[in-house]
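Chains as they are written, first to last, in the numbering used here: chain A, 1 to 237; chain L, 238 to 474.
Here's the structure, in structure tokens; my notes come after.
Number of protein chains: 2
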Amino acid sequence: MVNRRKPIPLYLQLKEEILEKIKKEKWTIDSQIPTEKELMESYNVGRATVREAVSILVNEGYIYKKKGIGTFVARKNPTYGFEPLISLTYSLKARGIRAYNKVVEKDKIHIDQLLLDKLKWTSTKECYYLKRLRYVENTPIAIEHSYFDETFKKIDKEYDLTTSLAKIIIEDLNVNIDRVEQVIVPRKPKDMEKLELNLEDDKLILDLERWIYINNNPEPFYYLKFVIPSDIYNYPF
Amino acid sequence: MVNRRKPIPLYLQLKEEILEKIKKEKWTIDSQIPTEKELMESYNVGRATVREAVSILVNEGYIYKKKGIGTFVARKNPTYGFEPLISLTYSLKARGIRAYNKVVEKDKIHIDQLLLDKLKWTSTKECYYLKRLRYVENTPIAIEHSYFDETFKKIDKEYDLTTSLAKIIIEDLNVNIDRVEQVIVPRKPKDMEKLELNLEDDKLILDLERWIYINNNPEPFYYLKFVIPSDIYNYPF
DNA sequence: AAGTGGTCTAGACCACAAC
DNA sequence: TTGTGGTCTAGACCACTTT
């Protein structure tokens, strides 16, 4: 029960109450939790208090809402913090930020020795290139260069390339991810990149390269390069 | 100006208004923006509307609040999503989640050939080991093994090891980060890890290894291994 | 039509920091 | 003491989904 005499805000107490019900499986995954009205009445608090408590749990990934329907349990355990290792789209979504991806280029390409090394491939094979610009609030936040093996044919045919590629790989492609390698290196941007990312003159960028290995294949099926403005060194702790 | 006849919620319109003032440097970095009361009066909206708009911008990292003082501009440009590539603490904080780190072990250690390879060092030198458990809401979310070169003596002496190591490295240590390498591999947990992370029986974990290179040194000064419960395959996209 | 969450207002009291 | 953001209430109207 919530207690007004405690020095802890009501919405935090209520949040803990709800969380406990989820942890103890009184409310199970994908089942609906009480409506805002019901929570107001059960705990004798105002609607703002209920909404504050609920919104924290939504933010932390425990519950989700469906407009016009209700609020539901998403998960019993937290998945804190490692989302960005998997998906930029997801990590933005977790912060309530809508991202938009624009396909700039899509091609089957020829591979030379240099690219072969980049891709960590030992022999020449089919290679598909996808270039996307990633936007948040109409501001470009990254240039993304993707290189796929023939797996791309399926992706291109069946999925929407403006959404999260990680989602497609993890959820829909039905593959086992064996290994993800990643290298981040800061450097000066090229003129073209300055233009695409709307960069000020002296600003550095980051090269983020990623290789994904699946299905026991010794070579990666997917090579990704992000070009990102580097404000990384002055973020507000 | 905000407009009630538009189909866009007032708080989103107000958010855009504030953001524009920041982007166009009408309100500059670290300067105070109008108080909630002033914003209510300027835009003829209620306090909840103002607080909603402001809280989004806080979440996105544009502004920050000081209790009892006011609200201030943090940055002009977005830095969405990439900070967490370096700092777990940051990525949690961005979602309004407080993390707690507990130092389990701290030692100067002997290096054998196996470890030397792991660390990507070519010759033996001083090596300091730090093991921490990382908690959120009293739930352990990761086991962290850190290996430092002699740089650690300064860190250990001058800083609080229960805070963000990334913050210390980036902000306080005054080094240039040249390169960050990272490998993620899923595997079955050891019994000890099951215990420390409170794992259910069939759950996989992720090994996340990270090497950080600084100051043009060809060898990393810092090797990190995270052991993380893996909910990757059921992300709520 | 009924029920849900989404948006919004007006007002209140509080804890905190600065003067 | 004053002003700030933090918490909380009661009430209103809306858009959305299901019946």
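We treat Cβ as the ideally placed atom computed from N, Cα and C, and that holds for glycine.
Fair warning: this is a prediction, and the values are worked out from it, not measured in the lab.
Quick one: what's residue i bridged to in DSSP?
{"i": "Glu181 of chain A", "result": "A:Trp211, L:Val420"}
{"i": "Glu269 of chain L", "result": "With the sequence shown as reference, residue 269 of chain L is identified as Gln, and Glu is not the correct amino acid for it. Its beta-bridge partners are L:Phe309."}
{"i": "Ala99 of chain A", "result": "A:Val136"}
{"i": "Leu367 of chain L", "result": "L:Lys343, L:Ser383"}
{"i": "Ile22 of chain A", "result": "Beta-bridge pairing links Ile22 of chain A to no other residue."}
{"i": "Pro455 of chain L", "result": "Bridge partners of Pro455 of chain L: none, in fact."}
{"i": "Pro189 of chain A", "result": "In DSSP, Pro189 of chain A forms no bridge with anything."}
What does a CB cutoff of less than 6 Å around residue i pick up in its chain, not counting 5 residues either side in sequence?
{"i": "Leu116 of chain A", "result": "none"}
{"i": "Gln182 of chain A", "result": "Arg210"}
{"i": "Trp264 of chain L", "result": "Lys258, Ile270, Val310"}
{"i": "Ile184 of chain A", "result": "Leu206, Leu208"}
{"i": "Asp107 of chain A", "result": "Tyr129"}
{"i": "Trp121 of chain A", "result": "Glu219"}
{"i": "Thr162 of chain A", "result": "Asn101"}
{"i": "Thr151 of chain A", "result": "Phe221"}
{"i": "Lys225 of chain A", "result": "His145, Glu209"}
{"i": "Ile56 of chain A", "result": "Lys15"}
{"i": "Ser324 of chain L", "result": "Ser401, Ala403"}
{"i": "Leu434 of chain L", "result": "Pro377, Pro466"}
{"i": "Val239 of chain L", "result": "Leu247, Gln250, Leu251, Tyr280"}
Buried or exposed: residue i, going by 16 or more other Cβ atoms within 10 Å of its Cβ?
{"i": "Arg187 of chain A", "result": "exposed"}
{"i": "Asp156 of chain A", "result": "exposed"}
{"i": "Ile176 of chain A", "result": "As written in the sequence, residue 176 of chain A is Asn, which differs from the Ile given in the question. Classification for Asn176 of chain A: exposed."}
{"i": "Thr286 of chain L", "result": "buried"}
{"i": "Phe148 of chain A", "result": "buried"}
{"i": "Val341 of chain L", "result": "exposed"}
{"i": "Glu144 of chain A", "result": "buried"}
{"i": "Asn174 of chain A", "result": "exposed"}
{"i": "Pro218 of chain A", "result": "exposed"}
{"i": "Glu60 of chain A", "result": "buried"}
{"i": "Asn101 of chain A", "result": "buried"}
{"i": "Ile306 of chain L", "result": "exposed"}
{"i": "Thr361 of chain L", "result": "exposed"}
{"i": "Arg132 of chain A", "result": "buried"}
{"i": "Ser268 of chain L", "result": "exposed"}
{"i": "Leu432 of chain L", "result": "exposed"}
{"i": "Gln250 of chain L", "result": "buried"}
{"i": "Leu114 of chain A", "result": "exposed"}
{"i": "Pro9 of chain A", "result": "exposed"}
{"i": "Lys252 of chain L", "result": "buried"}
{"i": "Ile266 of chain L", "result": "exposed"}
{"i": "Pro189 of chain A", "result": "buried"}
{"i": "Arg241 of chain L", "result": "exposed"}
{"i": "Ile346 of chain L", "result": "exposed"}
{"i": "Pro466 of chain L", "result": "buried"}
Does DSSP put residue i in a helix, in a strand, or in coil?
{"i": "Lys66 of chain A", "result": "strand"}
{"i": "Asp349 of chain L", "result": "coil"}
{"i": "Ile442 of chain L", "result": "strand"}
{"i": "Leu224 of chain A", "result": "strand"}
{"i": "Ile8 of chain A", "result": "coil"}
Give me, in chain order, the residues of the same chain whose beta-carbon lies closer than 7 Å to that of residue i; leave out the 5 immediate sequence neighbours on both sides.
{"i": "Asp178 of chain A", "result": "Tyr213, Ile214, Asn216"}
{"i": "Lys391 of chain L", "result": "none"}
{"i": "Tyr248 of chain L", "result": "Thr286, Glu289, Ala290"}
{"i": "Arg284 of chain L", "result": "Glu273, Met277"}
{"i": "Leu241 of chain A", "result": "This structure cannot speak to residue 241 of chain A, because chain A is shown only from 1 to 237."}
Skipping 5 residues on each side, what residues in its chain have a beta carbon closer than 8 Å to that of residue i?
{"i": "Glu193 of chain A", "result": "Ile143, Leu199, Ile205, Val227"}
{"i": "Tyr64 of chain A", "result": "Val58, Thr71, Phe72, Ala74"}
Should residue i be counted as a contact of the ligand ZN given a C-beta to heavy atom distance under 7 Å?
{"i": "Val417 of chain L", "result": "Only the bare structure without any ligand can be found here, which leaves the ligand ZN out of the picture."}
Complete alpha helix (DSSP H) runs within the segment 388 to 413 of chain L (minimum length 4 residues, chain order): Fully enclosed alpha helix (DSSP H) runs of 4 or longer: 388 to 395.
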